[in-house]
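Colleague:
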Amino acid sequence: AEEISLEDQVSERAVLAFYEALAAGDAGKLQQLLAPDLEWWFHGPPTFQHLMRFLSGKGSLGSFTFSPQSVASLGPVVIAEGRSFSTFWVHAWTVRDGVITQLREYFNTSVTVTRFSEANPSADSSLSGRPASLSKSASLSNPVRSSLSNSSTAVLNCSPVWESSLPGAGGRSVPGLVLAI
31 AEEISLEDQV SERAVLAFYE ALAAGDAGKL QQLLAPDLEW WFHGPPTFQH
81 LMRFLSGKGS LGSFTFSPQS VASLGPVVIA EGRSFSTFWV HAWTVRDGVI
131 TQLREYFNTS VTVTRFSEAN PSADSSLSGR PASLSKSASL SNPVRSSLSN
181 SSTAVLNCSP VWESSLPGAG GRSVPGLVLA I
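Just so we're aligned, residue 31 is where the sequence shown starts under this note's numbering, counting upward by one.
1. Would you kindly check if the distance between the Cβ of Ile-109 and the Cβ of Leu-4 is under 8 Å?
2. Mind checking which residues open and close the alpha helix (DSSP H) that includes Gly-74?
3. Using 8 Å as the Cβ pair cut-off and three pairs as the minimum, do the stretch 98-116 and the stretch 52-59 touch?
4. So, helix, strand or coil for Leu-91, using DSSP?
5. Quick one: what's got a C-beta closer than 6 Å to Thr-95's C-beta in the same chain, skipping five residues either side?
6. Would DSSP call Gly-112 helix, strand or coil?
7. For Gln-79, which of helix, strand or coil comes out of DSSP?
8. Going by other Cβ atoms of all chains shown within 10 Å of its Cβ, with 16 needed for buried, is Glu-69 buried or exposed?
9. Buried or exposed for Trp-71, going by 16 or more other Cβ atoms inside 10 Å?
10. Consult DSSP for Asp-38 and reduce its assignment to one of helix, strand or coil.
11. Please check the pair Ile-34 and Ser-140, which I expect to be a contact at CB under 8 Å, by giving their CB distance rounded to whole angstroms.
12. Once you ignore the five residues that flank Gly-128 on each side, which residues in its own chain have a CB closer than 7 Å to its CB?
13. The ligand ATP and Ser-103: does the residue's C-beta get closer than 7 Å to at least one heavy atom of that ligand?
And the structure:
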């Protein structure tokens with residue numbers, strides 16, 4: 031069994047505490063968990079900005095719920111996904127020292143999270159050590175060339191580390207995007 035780092039544990043606990051406080055309507059706890067200068071990105075129709083309306087005091091969640099069906103920690107980034115009625119959502123949280131500093135929200139979108147690393151031509155491209163949610167076809171590293179200066183070029187791998195599962199999608203087609211961390 032793969033051991034979870036302390037950073038992953040702290041980050042995941044902060045995000046799970048956020049969802050618990052949200053469900054309980056505990057504004058004080060939510061305020062403790064969120065940085066005052068929270069950076070927020072939203073991808074989806076404006077009508078799905080439930081969380082932003084609620085946290086900014088401009089509305090309620092109504093019957094919409096944020097109850098994650100899966101959570102994955104990738105260092106300071108925690109990915110959570112869930113469904114409320116027929117709407118699928120993915121949240122990518124950045125956590126620093128137990129405080130949430132960034133939220134990226136995606137609605138009815140398939141998300142693949144990748145991580146850039148230096149290319150290693152002798153590295154095995156198998157799925158070992160990667161989350162089970164990745165398919166075999168997504169396991170191949172995509173080399174990317176990056177100029178670091180006028181005199182040198184580095185080759186980077188862009189390897190998928192997490193992929194949304196869209197629980198209960200029932201063959202429904204949704205747009206996809208890649209989030210690099």
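In this text, a Cβ means the ideal position worked out from N, Cα and C, and glycines have one as well.
Modeller: In short:
1. Summary: the structure shown does not reach residue 4, with the chain confined to residues 31 through 211, and so no result is reported for it.
2. Where Gly-74 is concerned, there is no enclosing alpha helix (DSSP H), given that its DSSP letter is neither H nor E.
3. no
4. coil
5. Ser-114
6. strand
7. coil
8. exposed
9. exposed
10. helix
11. In fact, because the Cβ distance is near 26 Å, the residues do not count as touching under 8 Å.
12. Val-40, Ala-44
13. Although the ligand ATP was asked about, the structure shown includes no ligands whatsoever.
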